[in-house]
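Enquirer: Got a structure here, written out as structure tokens. Questions coming.
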Amino acid sequence: MLALKEEGTDPEGNESKELRGKIAEMNTELLKQKAGMLEEYFSIHIDSNGNMSRLPVILDQYTPDMDRIPEFILCLGNDVDWEDEKICFQTIAAALGNFYAMHPPLLRNPSGDGLKFYRKEFEEELLLEAENAWAQREWSIQHVLFPSLRLFFKTPTSMATNGTFVQVASLEKLYRIFERC
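Oh and the sequence shown: position 154 is 154 in the UniProt record's numbering, straight run, nothing missing.
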């Protein structure tokens, strides 16, 4: 229901709560029917009441933004093609990837113009909450994401040749240059 409300399925505002409730019920029933497959292949546990109680651990020490759960559930219900196996797995993986992506916090960044925004419009408590959210994001990027990329990310050889990744410097060559200094 939350995701349906945020998505704004009816721009004129004529859509009733009943219709959103029916859509949410249909998605819940669909996910309950597909619970076995979601559990077996993706470690997404949905109980008999339609409650999601477990998600896969995609990256150690990283917890995705739980405020995005309604959007994730709506994506599983609406965007997944459950008929074609290959497309089904691809769209579920894409939904998981979008959910686990490091999105910017929902609160504005308190640095720069954002600080003026918080001082002008809101209390100090909200400013502290925004600072904490952005600091947590920066910490996660620095101490979880980048080390994990360095250890586990294996690029396809095509990415090395098509310009996706470009070598900026070579540590060995830098050592040779600075040895002379």
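Using N, Cα and C, we set each Cβ at its ideal position, and we do this for glycine too.
Pull up the distance between the alpha-carbon of LYS5 and that of ALA130, whole angstroms please.
Expert: Residue confidence is low: LYS5 scores 49 on pLDDT, short of 50, so the model does not pin down where it sits. No coordinate-derived value is stated.
Enquirer: Taking its Cβ as the centre, do 16 or more other Cβ atoms sit within 10 Å of ALA160, making it buried, or is it exposed?
Expert: That one is exposed.
Enquirer: Alpha carbon to alpha carbon, what distance is there between ARG180 and ILE101?
Expert: Checking the displayed sequence, the identity of residue 101 turns out to be Ala instead of Ile. Cα to Cα, ALA101 sits roughly 43 Å from ARG180.
Enquirer: Helix or strand or just coil, what does DSSP make of ILE58?
Expert: Coil.
Enquirer: Going by DSSP in three states, ILE44 sits in which element: helix, strand or coil?
Expert: Coil at ILE44, not helix or strand.
Enquirer: When you compare the CB positions of LEU107 and TRP139, do they come within less than 9 Å of one another, or not?
Expert: Contact: no.
Enquirer: How is MET102 classed by DSSP in three states: helix, strand or coil?
Expert: Coil, per DSSP.
Enquirer: Going by other Cβ atoms of all chains shown within 10 Å of its Cβ, with 16 needed for buried, is PRO11 buried or exposed?
Expert: With a pLDDT of 48 at PRO11, under the threshold of 50, the modelled position of that residue is not reliable, and no figure is offered here.
Enquirer: Can you name the start and end residues of the alpha helix (DSSP H) that ASN132 belongs to?
Expert: It spans 124-140 - the alpha helix (DSSP H) in which ASN132 sits, taken as one unbroken run.
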